[in-house]
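This report concerns only the one structure given below.
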Amino acid sequence: MEQVLLCLRYVDSENVKQHKVKEMFLEFIPTNDVTGVDLSNLILNAFKRNGLEYCHVVGQSYDGAASMSEHFQGAQAYVRKECPLALYVYCSAHSLNLAIADSCSQPEIRNCLGIVQSVGTFIRNSAQRTAVLRDNINQLSTLPPHHKKNLLAMCETRWVHKYEAVIRFKEIYPAIMAAVEEFKLFTTKKHPIKLYSFLIH
4 MEQVLLCLRY VDSENVKQHK VKEMFLEFIP TNDVTGVDLS NLILNAFKRN GLEYCHVVGQ
64 SYDGAASMSE HFQGAQAYVR KECPLALYVY CSAHSLNLAI ADSCSQPEIR NCLGIVQSVG
124 TFIRNSAQRT AVLRDNINQL STLPPHHKKN LLAMCETRWV HKYEAVIRFK EIYPAIMAAV
184 EEFKLFTTKK HPIKLYSFLI H
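Numbering (my numbering), first residue to last: 4 to 204.
Pasting the structure below:
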């Protein structure tokens, strides 16, 4: 069973002097049929259910899968037959995802992200280590008092979270290294290899 997520971007023109572009979730549509014509029917029927007139649809955006984007047999082609103004644009979020996924296959980037994730997991898995890191962050004069006092987890599917996790790691790096040095004083026998690998990197 597949699910089609349908979102709507529209212009709110209630205020004549100020138009706002808004986005809203329309619905999840379960389906077992994933051909271009079947998917286009799901989309067009959803328009009808929600009272959307075809003549007002001026754009459509999906990923690059053939069933969605193919010039003659893709869903976008069938939708455009009913909505002539609905220009198809390749989804920029999917383009970004593919570009970043490709860049992460480079050893330097892959290893960097691996270290950020491993260090964060190692510290967050212990209340004692988390407290030591927080104390070292508090001693950093380069950070404002209100700065967040923790490392962020890296989400595998949301790239903006990886970006935020790497930026946070970079900002508090001196505190992380100081904390890792302190961990040597109370670490258990099962952690030394992991601990020293952090110091080497």
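For every residue, glycine included, the Cβ atom is placed at its ideal position computed from N, Cα and C.
Where does residue i land, buried or exposed, given buried means 16+ other C-beta within 10 angstroms?
i, result
"Leu-98", "Looking at the sequence provided, one finds Ser at residue 98 rather than Leu. Exposed."
"Ala-130", "exposed"
"Gln-142", "exposed"
"Val-135", "buried"
"Gln-21", "exposed"
"Arg-52", "exposed"
"Phe-31", "exposed"
"Ser-72", "buried"
Based on Cα-Cα distance, which residue from the options lies nearest to residue i?
i, options, result
"Ala-178", "Cys-58, Asp-36, Val-122 and Lys-23", "Val-122"
"Leu-88", "Arg-137, Tyr-176 and Val-60", "Val-60"
"Gly-39", "Ala-96, His-164 and Ala-78", "Ala-78"
By how many angstroms is the C-alpha of residue j removed from the C-alpha of residue i?
i, j, result
"Ala-182", "Pro-33", "49 angstroms"
"Val-24", "Asn-139", "44 angstroms"
"Asn-44", "Cys-86", "12 angstroms"
"Phe-75", "Ala-68", "13 angstroms"
"Cys-94", "Asn-48", "22 angstroms"
Compare the beta carbon distance of residue i and residue j with 8 angstroms and say whether it is the shorter of the two.
i, j, result
"Glu-185", "Leu-146", "no"
"Tyr-27", "Leu-11", "It is worth fixing the name first, because residue 27 is Met in this sequence and not Tyr. Yes, Cβ-Cβ distance for Met-27 and Leu-11 is below 8 angstroms."
"Ser-70", "Val-37", "yes"
"Ile-126", "Val-82", "no"
"Leu-188", "Phe-172", "no"
"Cys-107", "Leu-101", "no"
Determine the extent of the beta strand (DSSP E) in which residue i is found, giving its start and end residues.
i, result
"Thr-34", "23–34"
Please report the residue range of the alpha helix (DSSP H) in which residue i lies.
i, result
"Leu-116", "110–127"
"Glu-85", "78–85"
Say yes only if the C-beta of residue i is nearer than 7 angstroms to one or more non-hydrogen atoms of the ligand GDP, and no if none qualify.
i, result
"Tyr-93", "In terms of ligand content, the structure shown is empty, and the ligand GDP therefore cannot be addressed."
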